[in-house]
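Structure first, commentary second.
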Amino acid sequence: MSQPNVEHRLTEDPATWIDSKGQDEQIEDLKHVTIDNVNDSEAAPYLDHTIIIDERENKRLKRMIDRRILPLLCLAYFAQAMDKGATSPISIMGWLEDVNASGQDYALSSTVLWIGLVAGNPVASQLIRRFPVAKVLAASMLVWTGLAFWLTFTLDVPQILANRAILGFFEASFNPCLVTIMVQWYLSSEQAVISAVWHSFTSLSTCLQSVMGYGFYHVRHDNAGGLKSWQYLLLTAACISAVSTIAVFFFLPDSPTRARWANEELKTKFVERVRSNNQGIKQKIWKSDQAWETAKDPQVYALFALTFCQTLVIGGVGKFSALLINKAFGFDVATSQLLKIPVSAVGVSAYFLMAYLQQKYEQTFFTMIGFTLLNMIGTIVIVCVAPSDKTRVGLMIAFLLLQFFGACNTATSVVLSRNIAGQTKKSIAYATTFMAWGAGNAVSPQLFWNTWAPRYIPSLYIHLGLYATYIVLALATRIMLVRRNATKQAARDLRDGEQVQANLHAFEDLTDLQNPDYKYSI
456 MSQPNVEHRL
466 TEDPATWIDS
476 KGQDEQIEDL
486 KHVTIDNVND
496 SEAAPYLDHT
506 IIIDERENKR
516 LKRMIDRRIL
526 PLLCLAYFAQ
536 AMDKGATSPI
546 SIMGWLEDVN
556 ASGQDYALSS
566 TVLWIGLVAG
576 NPVASQLIRR
586 FPVAKVLAAS
596 MLVWTGLAFW
606 LTFTLDVPQI
616 LANRAILGFF
626 EASFNPCLVT
636 IMVQWYLSSE
646 QAVISAVWHS
656 FTSLSTCLQS
666 VMGYGFYHVR
676 HDNAGGLKSW
686 QYLLLTAACI
696 SAVSTIAVFF
706 FLPDSPTRAR
716 WANEELKTKF
726 VERVRSNNQG
736 IKQKIWKSDQ
746 AWETAKDPQV
756 YALFALTFCQ
766 TLVIGGVGKF
776 SALLINKAFG
786 FDVATSQLLK
796 IPVSAVGVSA
806 YFLMAYLQQK
816 YEQTFFTMIG
826 FTLLNMIGTI
836 VIVCVAPSDK
846 TRVGLMIAFL
856 LLQFFGACNT
866 ATSVVLSRNI
876 AGQTKKSIAY
886 ATTFMAWGAG
896 NAVSPQLFWN
906 TWAPRYIPSL
916 YIHLGLYATY
926 IVLALATRIM
936 LVRRNATKQA
946 ARDLRDGEQV
956 QANLHAFEDL
966 TDLQNPDYKY
976 SI
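In terms of the working numbering, the sequence shown opens at residue 456 and continues consecutively.
The structure is reproduced here in structure tokens:
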């Protein structure tokens, strides 16, 4: 059988290895292909490059993953969003007065959480590299569930700040865990939609918190010892977190090779299905050369800057959304709680629109820039239009436009998951990117000074500058990745006529720069 036919098939996605020949002949062809060193400890026992996964089988496998894995990722994300975001709805339910908060105390309650997250990220990333990822996630959830119950009954500002800082430290594992799990199970081409699905549960949690806030706001107690309305909301969020922790611990596998519900054949197919990602499954050994490459790679710094710039905006908008709707636009407390529902709906829609455009046009960075421009328009309207009974509906519509920038977070996660390879390099790049995420969210509330209330016009001017910076960064990063793809393609063209074995380096624990088959998402 002629080698070129084998080479042609191996340059394609494994999910589409179909031609007019019989499967037995295809396997015989593939047996002659040489596979280099396998350095993926998790995947090694289940590798079989001769396996043929046709389109029908690929869809069956994906449906199985969607049914068994995705709901647990969504549940976990929903639980942490409920815990982390609970202080926003209760800020207009009497919580600030009951705990005697003053000055920048409310902003600090958010800042210390994100400082804790920045401190915890390096630790979390190395724990994920060395230990079963689902167990790291479940252990973190167990701790923050206890912290959520503690916050419910805390009426002292220093204790609240300590609670939020510790919560941030243990939530540091969350996003790296979910991205790691997503890369283990899903193809690169699927990750934009999958990321949008679980990220959308942030908006859904906001929606539920708004309904809860509206309902519990009307709870009144005559007895001095009864729970306050905001305590009912926090207690409910803590209970949701407890249930989610149990589900994740018992039902979320640590990798495709450790899924108790999958037989040996299925495990092999799950591993081979993601071969084209060129990222492997798991490797515990630290590689100094990958660490050094990470330190020199401009892409890592670009992702840091993009994430930091974006969260400087969305952290403050999310934290102060209830206060802006209530105090700046002039809606009453109950209506302000309900208006968070359309805010959440727009947020969910933005996530899925981002995923759709990414998948359809394969132009992630241009899509991010488009969403940023929508936020700029909304911000300019809020700055220029004075609040009144006649304008507050228009201001609310402008505020809805501000939700589109949040969807750029999913795009950055997808760029991170698609464009960084090598287990040591990924552990560092994930840590630095999510440290930027935490740092931006930590600083963002401090852009909203109490003296600038209720409209926070200077804060919004700062946001406009950040949008412009973000657009420049996105364009620069895209240019860099386009050039890298062109360089790799040129190298492949030079090997024309030689034995080209695409995706056969997938489990060698190579970095994106080392792997000749790697293609960057732009």
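All C-beta atoms in this analysis are idealised placements derived from N, C-alpha and C, irrespective of residue type, glycine included.
query, result
"Regarding residue 897 and the ligand SAH, is the C-beta to nearest heavy atom distance less than 6 Å?", "This structure lacks the ligand SAH, and indeed carries no ligand of any kind."
"Does the Cβ of residue 954 have 16 or more other Cβ atoms within 10 Å, making it buried, or fewer, making it exposed?", "At residue 954 the pLDDT is 49, less than 50, meaning the model places this residue with poor confidence and gives no usable figure here."
"Determine the direct distance from the alpha carbon of residue 920 to that of residue 539, and round the result to whole angstroms.", "27 Å"
"Hey, out of 508, 601 and 541, whose CA is closest to residue 773's CA?", "541"
"Please confirm if the segment 785-804 is in contact with the segment 888-906, defined as three or more CB-CB distances below 8 Å between the two stretches.", "no"
"Measuring straight from C-alpha to C-alpha, what distance separates residue 743 and residue 969?", "14 Å"
"Could you check where the alpha helix (DSSP H) with residue 740 kicks off and where it finishes?", "Looking at the DSSP string, residue 740 is not in any alpha helix (DSSP H), and its letter there is neither H nor E."
"How is residue 978 classed by DSSP in three states: helix, strand or coil?", "Residue numbering for the chain in the displayed model covers 456 to 977; residue 978 lies beyond these limits and cannot be assessed."
"How is the alpha helix (DSSP H) around residue 604 delimited, first residue to last?", "588-607"
"Nearest by alpha-carbon distance to residue 852: which of 629, 545, 780 and 967 is it?", "780"
"Can you give me the start and stop residues for the alpha helix (DSSP H) that residue 707 sits inside?", "Per DSSP, residue 707 belongs to no alpha helix (DSSP H) and is neither H nor E."
"If you drop the 5 nearest sequence neighbours on each side, which residues of the same chain put their C-beta closer than 6 Å to that of residue 902?", "771, 914 and 917"
"If I follow the unbroken alpha helix (DSSP H) through residue 935, where does it start and stop?", "912-949"
"Residue 635: which of 573, 587 and 763 sits nearest, CA to CA?", "587"
"Out of 505, 595, 604 and 611, which has the shortest C-alpha to C-alpha gap to residue 555?", "611"
"Near residue 567, which residues of its chain fall below 6 Å by C-beta distance, leaving aside the five closest residues on each side in sequence?", "616, 619 and 620"
"For residue 700 and residue 822, which I take to be in contact (beta-carbon distance under 8 Å), what is that distance rounded to the nearest angstrom?", "Contact flag wrong, Cβ pair sits at about 35 Å."
"Skipping 5 residues on each side, what residues in its chain have a beta carbon closer than 6 Å to that of residue 863?", "765, 823 and 826"
"Using only the alpha-carbon positions, how far apart do residue 975 and residue 877 sit?", "14 Å"
"Find the nearest neighbour of residue 654 within the set 571, 530 and 504, judged by alpha-carbon distance.", "530"
"Which residue spans inside the segment 507-576 form an unbroken alpha helix (DSSP H) run of at least 4?", "510-523, 525-540, 542-545 and 550-553"
"If you pair each beta-carbon of the segment 836-843 with each one of the segment 869-884, do three or more pairs fall below 8 Å?", "no"
"Under a three-way DSSP split, which group does residue 715 fall into?", "coil"
"Count the other CB atoms within 10 Å of the CB of residue 608; is the residue buried (16 or more) or exposed (fewer)?", "exposed"
"Do the segment 503-511 and the segment 709-728 meet, that is, are 3 or more Cβ pairs less than 8 Å apart?", "yes"
"Buried or exposed: which applies to residue 651, given that a residue is buried once 16 or more other Cβ atoms fall within 10 Å of its Cβ?", "buried"
"For residue 859 versus residue 829, is the C-beta spacing smaller than 7 Å?", "yes"
"Can you tell me whether residue 575 is buried or exposed? The criterion is at least 16 other CB atoms within 10 Å of its CB, across all chains shown.", "buried"
"So is residue 966 buried or exposed if we call it buried at 16+ other beta carbons inside 10 Å?", "buried"
"Going by the CB atoms, is the gap between residue 731 and residue 497 shorter than 7 Å?", "no"
"Is it right to say residue 748 is buried, meaning 16 or more other beta carbons lie within 10 angstroms of its own, or is it exposed?", "buried"
"For my contact list, residue 703 and residue 527 are in at a C-beta cut-off of 8 Å; report their separation, rounded to the angstrom.", "6 Å"
"Note down, in chain order, each residue of its chain lying with its Cβ closer than 7 Å to the Cβ of residue 900, except the 5 sequence neighbours on either side.", "562, 565, 566, 770, 771 and 774"
"Closest to residue 696 by CA distance: which of 628, 782, 889 and 533 is it?", "533"
"For residue 674 and residue 662, what's the separation of their Cα atoms in angstroms?", "19 Å"
"Taking DSSP as the reference, what is the three-state secondary structure of residue 977?", "coil"
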